[in-house]
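Here numbering that gives the first Met the number 0 is used: the first residue of the sequence shown is 0, the next is one more, and so on.
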Amino acid sequence: MRFMGVDGRVVDTAEAVVSVMDHGLLYGMGLFETFRTYRGEPFLLERHLTRLAESCSLLGITYKPDPEYIQGWITRLLLANDLEDAYVRYTVTAGVEALGLPAGDYMNPSELLYVKSLPVLSPALYKQGKALQLLLTPRNTPETSVRLKSLHYMNNIMAKRELQRYPEAVRLQAEGCMLTENGELAEGIVSNIFFIKDGKLYTPDIGTGILPGITRAKVLELAQQLSIPTEEGRYTWDTFTDADEIFTTGSVQEIMPITRLLKAEEEPVVVGNGLAGPITERLMKAYQAESRGCNEDNNL
Numbered sequence: 000m001r002f003m004g005v006d007g008r009v010v011d012t013a014e015a016v017v018s019v020m021d022h023g024l025l026y027g028m029g030l031f032e033t034f035r036t037y038r039g040e041p042f043l044l045e046r047h048l049t050r051l052a053e054s055c056s057l058l059g060i061t062y063k064p065d066p067e068y069i070q071g072w073i074t075r076l077l078l079a080n081d082l083e084d085a086y087v088r089y090t091v092t093a094g095v096e097a098l099g100l101p102a103g104d105y106m107n108p109s110e111l112l113y114v115k116s117l118p119v120l121s122p123a124l125y126k127q128g129k130a131l132q133l134l135l136t137p138r139n140t141p142e143t144s145v146r147l148k149s150l151h152y153m154n155n156i157m158a159k160r161e162l163q164r165y166p167e168a169v170r171l172q173a174e175g176c177m178l179t180e181n182g183e184l185a186e187g188i189v190s191n192i193f194f195i196k197d198g199k200l201y202t203p204d205i206g207t208g209i210l211p212g213i214t215r216a217k218v219l220e221l222a223q224q225l226s227i228p229t230e231e232g233r234y235t236w237d238t239f240t241d242a243d244e245i246f247t248t249g250s251v252q253e254i255m256p257i258t259r260l261l262k263a264e265e266e267p268v269v270v271g272n273g274l275a276g277p278i279t280e281r282l283m284k285a286y287q288a289e290s291r292g293c294n295e296d297n298n299l
């Protein structure tokens, strides 16, 4: 993209810089949110900003979001880049401090805003689904009581590198699935994971160390509205492979059906009948109706 956002401004990408003394760079002390816009409107923005503010508080970063200001900034950046439906990444770094580990709070955070075109996905993909590759790279334990969407993303990068070592996963453009050190189902590299068995919706609980995804929470709400029973708990890969339906969630790809499970040196497992299942489709339609309808969460 030609333009980026820095501390409320829209600048040429070549001029978008942060100090080498920013503790986001030196120590990974910073957080980010990724979401998407629909007809220029960021979906579930206030929820993302609430999570961001709570995470900043845990890290001692003094930050109070202004939804109206941020939405206006996003609008200006979208216009500058001639975009309407877009991927958005909003980052808050700890800001410039002296070298060393501070005991006090960070008082002067920096804000960065990045937008880009959404990935081009065939509508057929949401019927045919994607593959999910089991990884050996375990989900690490979070640095705080709950996982933050922090700038320390090495675990995810190492998982992505492992994923590229599996030819079939590369061919199918599969998502990777991480387990905890105890072998419990955790999450995807860039997604939360759900499965359905005998009409009930299951997802790993936050205590496994997964990110408390915004889309994940929205799907659980939609399931309740649709009278679909839900459970958050601890599950194994074997339980997972016996599911009737599986899908992943994320702000950009929304609800993505999983129709193939891959494990090194084993034959692929077909999920259900190899297509998006009926409960997954109900949730997809409900999510799309809200996201494209600009529901109350968009009215800032």
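By construction, the Cβ of each residue, glycine as well, lies at the ideal position given by its N, Cα and C atoms.
Keep in mind that this is a model prediction, so the values were computed, not measured.
| Query | Result |
| --- | --- |
| Alpha-carbon to alpha-carbon, L133 and P166 | 13 Å |
| For E265 and V169, the rounded distance between their alpha carbons | 16 Å |
| Span separating the alpha-carbon of A285 from that of L44 | 18 Å |
| At least 3 beta-carbon pairs within less than 8 Å: the region 184-203 vs the region 147-163 | yes |
| Sequence-distant residues of the same chain with beta carbon closer than 6 Å to P64, five excluded per side | L48 and A52 |
| Contacts around T12, its chain only, beta-carbon distance under 7 Å, and the 5 residues preceding and following it disregarded | M0, R1, F2 and M3 |
| Minimum Cβ-Cβ distance from R138 to chain D less than 8 Å | Looking at the structure shown, chain D is missing, and only one protein chain is on hand. |
| Cα-Cα separation, Y125 to Q252 | 10 Å |
| Beta-carbon gap between I73 and L112 smaller than 8 Å | yes |
| For L135 and E161, believed in contact at Cβ under 8 Å, the rounded distance | 6 Å |
| Three-way DSSP call (helix, strand, coil) for D296 in this model | Unreliable positioning characterises D296 in this predicted model, as indicated by a pLDDT of 41, which lies under 50. A coordinate reading is not provided. |
| Proximity below 8 Å, CB of K115 to CB of Y86 | yes |
| Cβ separation of T235 and L200, assumed to be a contact under 8 Å, to the nearest whole Å | Incorrect: roughly 17 Å between the Cβ atoms, too far for contact. |
| Straight-line gap, L24 to G212 (C-alpha atoms, nearest Å) | 24 Å |
| Burial state of S290, where buried means 16 or more other Cβ atoms lie within 10 Å | buried |
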